[in-house]
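Going by the working numbering, the sequence shown opens with residue 3, and the numbers climb by one from there.
Here the structure is laid out as structure tokens; the discussion comes afterwards.
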Amino acid sequence: MDAQQLKAEIQALKKETGTIILAHYYQVLDVQDVGDFIGDSLGLSRKAADVKEAKNIIFAAVDFMAEVAKILNPTKTVIMPDKEASCPMANQLRAAQILDYKKKHPGLPTILYINTLAEAKAECDVICTSSNAVEVCSAVANERGVGSILMGPDKNLSYHVGKRTGLKVVTMPEKGCCYVHDQFAIEDLTLQRERYPGARVVVHPECKPGIQDAADYAGSTTQMLKYIESEMKNCKEFIIGTEQGLIDHLQRKYPALTLHSLSPVPSGISCKNMKKTTLAKIHALLLKIKAGNVKKNEITVEASVAAKAKSSIDAMFKYSTASG
Ligand code: SF4
């Protein structure tokens, strides 16, 4: 079956089985095409919590995002086309490490990036995303009357928060990062600016501090998207420091813009974990749903972990006005 046939069958099977597909911007365009909602982690969390009619939620993303959907909407069947699609950054921080850090830094609020496992979320006070990290960390620190926080697992997001809030941020683990965004080098930025002198540089806060500082704008996936949309009347060319899926999404949506990856490699940088989801796997999963045979693809979170993790996620919604 070619891509068009697969897409047509997927649409029909979604209706027949009462299934909704939530897809991250880092998915390939073919997968984004069959998504009922495309978003970043904050947008997807809000959407997952809101799903009412559908019985099943297919998560076209990585495992921690599907776990969030299950925690927020436990009566739904949350399934992944490929359960091996796991986030290496989330896997860098286990619950036991957080307990150790808390012992060493008593009294500090513990704020975790949403890119964490459910067992880690269960051991923190509040969750944040890159869209609302500055807002959430600043509100929590003000409320507690402290100048320092514990944060994990991304040292680069910690830098972003520290720079904008003036807080001292202790990162758990010290060198945690996203291998995709951490690959961009300051030399890449210098080279791309020389090649495209009229272009603005827009980067994700998972990029290294030197890149954030040298860019024209640093913000979450949705914030980058909004920045480009608001500035495109003044500038038609952008150098973008994030996963290739967002660049492809924007290029298709705005063909009049000239977009380059911050990486000088023509294909840009992709997350191989996000790319484990394919149209063929989504199609195969829908057939399994139809046959009532999804156990192997289903996401489950142990009830006591889910309850604790949910209260940290709910706390984020209390502190955050960002929509995703
Ligand atoms: S892009 Fe980075 S943070 Fe996102 S899933 Fe891949 S490794 Fe994890």
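Built from N, CA and C at the ideal position, the CB exists for glycine as well.
Ignore the nearest five residues each way along the sequence and tell me which others in residue i's own chain have a CB closer than 7 Å to its CB.
{"i": "L159", "result": "Y115, S132, A135, P207, E208"}
{"i": "P266", "result": "D190, L193, Q194"}
{"i": "K177", "result": "K157"}
{"i": "I40", "result": "A25, Y27, Q34"}
{"i": "K49", "result": "L24, F39, G41"}
Measure the Cβ-Cβ separation of residue i and residue j and say whether it is below 8 Å.
{"i": "D42", "j": "S272", "result": "no"}
{"i": "I22", "j": "V36", "result": "no"}
{"i": "L110", "j": "S150", "result": "yes"}
{"i": "V204", "j": "I230", "result": "yes"}
{"i": "L264", "j": "G243", "result": "yes"}
{"i": "G200", "j": "E239", "result": "yes"}
{"i": "Y256", "j": "V138", "result": "no"}
{"i": "Y161", "j": "H262", "result": "no"}
{"i": "P211", "j": "Q99", "result": "no"}
{"i": "T260", "j": "Q29", "result": "no"}
{"i": "L101", "j": "E125", "result": "yes"}
{"i": "V163", "j": "V172", "result": "no"}
{"i": "L296", "j": "I73", "result": "Reading the sequence as shown, one finds Val at residue 296 and not Leu. It is not a contact, given that the beta carbons lie outside the stated cut-off."}
{"i": "T323", "j": "G45", "result": "no"}
{"i": "L287", "j": "L8", "result": "no"}
{"i": "E1", "j": "M276", "result": "Past the edges of the chain, shown from 3 to 326, lies residue 1, and the structure says nothing about it."}
Considering just the uninterrupted stretch of the beta strand (DSSP E) at residue i, what are its terminal residues?
{"i": "G41", "result": "39 to 41"}
{"i": "Y115", "result": "112 to 115"}
{"i": "T21", "result": "21 to 26"}
{"i": "V267", "result": "Segment: none, V267 is in no beta strand (DSSP E) and carries neither H nor E."}
{"i": "V128", "result": "128 to 130"}
{"i": "K170", "result": "170 to 173"}
{"i": "N158", "result": "Note, N158: premise wrong, no beta strand (DSSP E); alpha helix (DSSP H) at 157 to 167."}
{"i": "G243", "result": "239 to 243"}
If I follow the unbroken alpha helix (DSSP H) through residue i, where does it start and stop?
{"i": "A306", "result": "For the sequence presented, residue 306 should be read as Ser rather than Ala. Where S306 is concerned, the enclosing alpha helix (DSSP H) stretches over 305 to 321."}
{"i": "R197", "result": "188 to 197"}
{"i": "V33", "result": "31 to 35"}
{"i": "T224", "result": "223 to 233"}
{"i": "L248", "result": "246 to 255"}
Helix, strand or coil for residue i? Go by DSSP, reduced to three states.
{"i": "T280", "result": "coil"}
{"i": "M67", "result": "helix"}
{"i": "S44", "result": "With the sequence shown as reference, residue 44 is identified as Leu, and Ser is not the correct amino acid for it. Helix at L44."}
{"i": "G147", "result": "coil"}
{"i": "R1", "result": "The structure shown does not extend to residue 1, since the chain spans only 3 to 326, so no value can be given for it."}
{"i": "G212", "result": "helix"}
{"i": "E300", "result": "strand"}
{"i": "G109", "result": "coil"}
{"i": "A2", "result": "The structure shown has nothing for residue 2, since the chain only spans 3 to 326."}
{"i": "A62", "result": "strand"}
{"i": "V136", "result": "helix"}
Output needed for residue i: all residues of its chain with C-beta closer than 8 Å, excluding positions within five of it in sequence on either side, in chain order.
{"i": "K283", "result": "P83, D84"}
{"i": "A141", "result": "Y321"}
Hey, is residue i close to ligand 2, as in C-beta under 7 Å from one of its heavy atoms?
{"i": "E245", "result": "Ligands displayed in this structure: ligand 1; ligand 2 is not among them."}
Indicate whether at least one CB of chain B lies closer than 8 Å to the CB of residue i.
{"i": "T223", "result": "The structure shown contains no chain B; it is built from a single protein chain."}
Cutting at 6 Å between CB atoms, please list the residues of its own chain near residue i, excluding the five before and the five after it.
{"i": "R202", "result": "D218, C237, F240"}
{"i": "R166", "result": "V136"}
Examine the Cβ distances between the stretch 82 to 94 and the stretch 58 to 68 and report whether three or more of them are shorter than 8 Å.
-> Judged by Cβ distances under 8 Å, the stretch 82 to 94 makes contact with the stretch 58 to 68, as three or more pairs qualify.
Counting pairs of beta carbons, one from the stretch 89 to 98 and one from the stretch 10 to 18, are three or more of them closer than 8 Å?
-> The stretch 89 to 98 vs the stretch 10 to 18: no contact.
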